[in-house]
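Report on one structure; see the data block that follows.
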Amino acid sequence: MNAIIHALQSDPRATADRIAVMTGTDPDAVREQIAEWESDGTLRWKVIIDPRKVRLLTGAEAVTALIDVSVSPERGEGYDKVAARIAQFPEVRSVCLVSGGQDLRCEVTGTSMAEIGDFVARKLATIDRVRSTATHFVMKTYKDDGALFLQAAGDHRLKVAP
Amino acid sequence: MRPLSAVVSACPPSGIRRFFDLAASMPDVISLGVGEPDFVTPWRVREAGIAALEAGRTSYTSNMGLAELRMAVCGDLERRHGVAYDPAAECLITSGVSEGLDLALRAILNPGDEVIIPEPAYVAYGPCVAFAGGTPVYVPTSSSDGFRIHAGAIDAAVTARTKAVLIGSPANPTGAAQGREDLAAIVAVAARHDLYLISDEIYERLVYTRPHASLPSLPGARDRTVLLGGFSEAQAMTGWRVGYLCAPAPVADLACRIHQYTQLCASHIAQAAALEALHGGEADVLAMLADYDRRRRVFVQGLRDIGLDCAEPGGAFYAFPSIAATGLSSQEFAERLLRAEGVAVIPGDVFGPSGEGHVRCCYATAMPDLDEALRRMDRFVAKLRQ
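Chains as they are written, first to last, in this note's numbering: chain A, 1 to 162; chain B, 1001 to 1386.
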């Protein structure tokens, strides 16, 4: 099963038949396994767009902020309730409970700094038990979710070699 | 002018050269003709090389190589193959296996000594034997049994002048990885005739169907074997030129005497990077191995779908399909495929007479390019059939 996951990570667009060849597995077994993983949420799909190209592709600016949120935990619930409230806003891309000076680290996207500022002021900071927020706007992304946005290394190999 | 070296003059230029010139002159060529990984050296290793430069590690190292690297190499071999070498006397860091092979042959051979080489073989084996004053004696192997090396064939090739047997496993160009039993039988032949064994194991980390059988780890083999290994293929470090030679002290000592006068030491920066490759590079090796395996399965299946027979390549990153069904010689096939469809493969006959009727295809190529190469080869073969 590990081999199917690795094959999907190497080429998420590969067909089940292709993955079957790659891994030496029966094609129907691959199809069933992928369907099972999709239905139980083990396997989810996303598209990563180079942040420098988003405006070109969508016509809108893409602004991202990392927001540290300080929260007073609740008896019996800890941080979960507040985190769940934050996580359900569609402009929030990720929420993690982190160690260190703050409690939650959120990644929020919008079309302008003003839009994100508005979200923080009107939605995030006003949630019960949120004590403070610290917003860091992203100025340049070098790597996102494992994908590098640096100039790729060229292929310097000779065309024919021993 | 007086005539140049007779030995070198007698050595034909590499058959690969002609294809290099032809492929280089054509646009949009998909090359399956390379003999190296398509990965760039993993970043942690490159970063260690940068750190070595920043730290000013630009001096010579000892002739044998950095002591830490020799200890790491010997520790790695003992852990993975159970074969022990003394890093102080039995391990020499070389500028790649290419240098190691040259040193091993020059340390072992006297003029006229014969070296048995199973073929198809890596293009450098025969010429390096000749440059060292020896005579290569080729023993054929066959795609019909996956290019197994049969001890009986080696035995039959032994003469009073035979000094050594040179084996590459997993092999360039066939991808064949020899099994323990076959190698053990060859060790027995070597013991019976008191022959040295030279084992080129540069592709040893790239095996897909069964664990690698390291020649010196076989009973009775270590004390007559020169083991050649390196970082080029598994760590994608071809351009760094760093490898190692492990052998019993008397052989390693002679190899080091040549090395100290002809090379002095391997690149200090490359040695520092190789140390990082051994200490922290395992996850990278395994990830690349898994990636090659996926491409291997797709490519070999694709060749068979086209109707080109292909022995299962158990190691390295080469497929060596038979093109006999097309009725063309391997030179004709490779040249016409390149001109008609812009796909570069290496004609099998450059690796020895048993390579005739085959072509070497390197599948260390991006999957979309492999797919496109297979489409073009399919079109080419289909036209030939009409």
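Note that the Cβ used here is the ideal one computed from N, Cα and C, for glycine as well.
I'd like the list of long-range same chain contacts for B/Ile1269, defined as Cβ closer than 7 Å, with 5 residues on each side in sequence excluded.
Along the second sequence, one-based indexing puts residue 1269 of chain B at 269. Contacts found: Gly1049, Ala1052, Leu1053, Arg1057.
message = For a quick check, are the C-beta atoms of A/Ala84 and A/Leu104 less than 8 Å apart?
response = Along the first sequence, one-based indexing puts residue 84 of chain A at 84. Along the first sequence, one-based indexing puts residue 104 of chain A at 104. Contact flag unset, no.
| message | Can you check whether the C-beta of A/Gly146 is within less than 8 Å of a C-beta belonging to chain B? | response | In the first sequence, residue 146 of chain A corresponds to position 146, counting from 1. It does not: the Cβ of A/Gly146 has no partner Cβ on chain B nearer than 8 Å.
Skipping 5 residues on each side, what residues in its chain have a beta carbon closer than 7 Å to that of B/His1358? Taking the first residue of the second sequence as 1, we reach residue 1358 of chain B at position 358. Hits under 7 Å: Ser1143, Phe1320, Pro1321, Ser1322, Ile1323, Ser1330, Gly1348.
query = Between the segment 144-153 of chain A and the segment 1099-1116 of chain B, do three or more beta carbon pairs fall short of 8 Å?
reply = no
DSSP three-state assignment for B/Gly1065, whether helix, strand or coil | Counting from one through the second sequence, the residue named residue 1065 of chain B turns up at place 65. Coil at B/Gly1065, not helix or strand.
Q.
Taking the alpha carbon of B/Ser1005 as the reference point, which residue from B/Phe1231, B/Cys1091, B/Ala1130 has its own alpha carbon closest?
A. The residue you call residue 1005 of chain B lines up with position 5 of the second sequence. With distances taken between Cα atoms, B/Ser1005 lies closest to B/Ala1130.
(request) Please confirm whether B/Ile1108 and B/Ala1191 have their CB atoms less than 8 Å apart. (result) Along the second sequence, one-based indexing puts residue 1108 of chain B at 108. Along the second sequence, one-based indexing puts residue 1191 of chain B at 191. Contact: no.
* Quick one: list the residues of chain D neighbouring A/Pro162, beta-carbon separation under 8 Å, in chain order. => In the displayed structure, chain D is absent; the protein chains listed are A and B.
field: Beta carbon of A/Thr109 nearer than 8 Å to that of A/Arg93
entry: On the first sequence, residue 109 of chain A is found 109 positions in, with the first residue counted as 1. On the first sequence, residue 93 of chain A is found 93 positions in, with the first residue counted as 1. Yes, these two residues count as a Cβ contact at 8 Å.
>> I want to verify the contact list: residues of chain B whose CB lies under 8 Å from the CB of A/Lys159, in sequence order.
In response: Sequence index remark: in the first sequence, residue 159 of chain A carries index 159 (1-based). Per Cβ cutoff of 8 Å: Phe1020, Ala1023, Ala1024, Val1029, Ser1031, Gly1033, Val1034, Ala1344.
DSSP state of A/Leu43, grouped into three classes?
Here residue 43 of chain A refers to the residue found at position 43 of the first sequence. The answer is coil: DSSP assigns A/Leu43 none of H, G, I, E or B.
What are the residues of the segment 22-41 of chain A that lie near chain B, defined by any Cβ-Cβ distance shorter than 9 Å? Met22, Thr23, Gly24
**Prompt:** Quick one, which of A/Ile116, A/Ala161, A/Ile34, A/Val71 has its alpha-carbon nearest A/Pro90's?
**Reply:** Mapped onto the first sequence, residue 90 of chain A falls at position 90. The candidate whose alpha carbon is nearest that of A/Pro90 is A/Ile116.
Chain A contacts from the segment 1363-1381 of chain B (Cβ-Cβ distance under 8 Å): Met1367
Just list the alpha helix (DSSP H) runs in the segment 1256-1320 of chain B, keeping only unbroken ones of 4 residues or longer that don't cross its boundaries, in chain order. 1268-1280, 1282-1306
By the criterion of Cβ-Cβ separation under 9 Å, what are the contact partners of B/Asp1284 in chain A?
One-based indexing of the second sequence puts residue 1284 of chain B at position 284. The contacting residues do not exist; B/Asp1284 stays about 14 Å from chain A at best.
For this session: Return yes when the Cβ of B/Tyr1363 is within less than 8 Å of the Cβ of B/Arg1295, no when it is not.
Result: Within the second sequence, residue 1295 of chain B is the residue found at index 295, counting from 1. Within the second sequence, residue 1363 of chain B is the residue found at index 363, counting from 1. Closer than 8 Å, so yes.
Practice item. Would you tell me roughly how many angstroms separate the C-alpha atoms of A/Val54 and A/Glu61, rounded to the nearest one? Key: Here residue 54 of chain A is taken as the residue at index 54 of the first sequence, counted from 1. Here residue 61 of chain A is taken as the residue at index 61 of the first sequence, counted from 1. Here the alpha carbons of A/Glu61 and A/Val54 stand approximately 7 Å from one another.
Taking only the alpha-carbon atoms, compute the straight-line gap between B/Pro1118 and B/Leu1166 and give it to the nearest angstrom. Translated into positions along the second sequence, residue 1118 of chain B becomes position 118. Translated into positions along the second sequence, residue 1166 of chain B becomes position 166. Whole-angstrom Cα-Cα distance: 8 Å.
**Prompt:** In whole angstroms, what separates the C-alpha of B/Tyr1261 from that of B/Leu1254?
**Reply:** Counting from 1 along the second sequence, the entry for residue 1261 of chain B is found at position 261. Counting from 1 along the second sequence, the entry for residue 1254 of chain B is found at position 254. Taking the straight line from one Cα to the other gives about 11 Å.
Check whether chain B comes within 8 Å of A/Ser99, counting only Cβ atoms and requiring the distance to be less than that.
Counted from its first residue, the first sequence places residue 99 of chain A at position 99. No, no contact with chain B.
**Request:** Identify whether B/Ala1344 lies in helix, strand or coil by the three-state DSSP scheme.
**Result:** For the purposes of this step, residue 1344 of chain B is identified with residue 344 of the second sequence, where counting begins at 1. In the structure shown, B/Ala1344 sits in a strand (DSSP, three-state: E or B).
task = Answer yes or no: does any C-beta atom of chain B fall closer than 8 Å to that of A/His136?
result = One-based indexing of the first sequence puts residue 136 of chain A at position 136. Closer than 8 Å: no.
Whose C-beta lies closer than 6 Å to the C-beta of B/Ala1458 among residues of the same chain, with five residues either side of it excluded?
Residue coverage of chain B in this structure runs from 1001 to 1386, which leaves residue 1458 of chain B outside it and unanswerable.
Would you say A/Asp11 reaches chain B, if we count a Cβ-Cβ gap shorter than 8 Å as a contact?
Position 11 of the first sequence, counted from the start, is the residue given in the question as residue 11 of chain A. Yes, A/Asp11 lies at the interface with chain B (some Cβ there is under 8 Å from its Cβ).
Give me, in chain order, the residues of the same chain whose beta-carbon lies closer than 7 Å to that of B/Arg1070; leave out the 5 immediate sequence neighbours on both sides.
Here residue 1070 of chain B corresponds to residue number 70 of the second sequence, with the count starting at 1. Once the five neighbours on either side are set aside, the close Cβ partners of B/Arg1070 are Met1064, Pro1087, Cys1091, Ile1093.
Next item on the list: Can you have a look at A/Ile49 and say buried or exposed, based on whether 16 or more other CB atoms are within 10 angstroms of its CB?
Entry: If you number the first sequence from 1, residue 49 of chain A lands on position 49. Exposure of A/Ile49 is indicated by the presence of fewer than 16 other C-beta atoms within 10 angstroms of its C-beta.
So, with DSSP's three-state summary, where would you put B/Tyr1122? Translated into the one-based positions of the second sequence, residue 1122 of chain B becomes position 122. B/Tyr1122 falls in the coil class under three-state DSSP.
Q | Contact under 8 Å by Cβ, A/Pro51 with A/Thr111 | A | One-based indexing of the first sequence puts residue 51 of chain A at position 51. One-based indexing of the first sequence puts residue 111 of chain A at position 111. Not closer than 8 Å, so no.
Next on the checklist: Once the 5 residues before and after A/Val63 are set aside, which same chain residues still bring their CB inside 8 Å of it?
Outcome noted: Residue numbering aside, residue 63 of chain A sits at position 63 when the first sequence is read from its first letter. The answer, listed in chain order, is Thr109, Gly110, Thr111, Ser112, Met113, Glu115, Ile116, Phe137, Val138.
Notebook entry, point to check: So what's B/Gly1056 in DSSP terms, helix, strand or just coil?
Noted result: Taking the first residue of the second sequence as position 1, residue 1056 of chain B is located at position 56. Looking at B/Gly1056 - three-state DSSP - the assignment turns out to be coil, as it is neither helix nor strand.
Does B/Gln1301 come within less than 8 Å of chain A when only Cβ atoms are used?
For the purposes of this step, residue 1301 of chain B is identified with residue 301 of the second sequence, where counting begins at 1. Yes - at least one Cβ of chain A is within 8 Å of the one on B/Gln1301.
How long is the line joining the alpha carbons of B/Asp1223 and B/Ala1249, rounded to whole angstroms?
Here residue 1223 of chain B refers to the residue found at position 223 when the second sequence is read from its first residue. Here residue 1249 of chain B refers to the residue found at position 249 when the second sequence is read from its first residue. If I take the Cα positions, the gap works out to 9 Å.
Give the straight-line distance between the Cα atoms of B/Asp1284 and B/Val1045, rounded to the nearest whole angstrom. The count along the second sequence starts at 1 and reaches residue 1284 of chain B at position 284. The count along the second sequence starts at 1 and reaches residue 1045 of chain B at position 45. Going by the C-alpha atoms only, they are around 10 Å apart.
Exercise for the section: Note down, in chain order, all residues in the segment 1137-1153 of chain B with a beta-carbon under 8 Å from any beta-carbon belonging to chain A. Expected result: none
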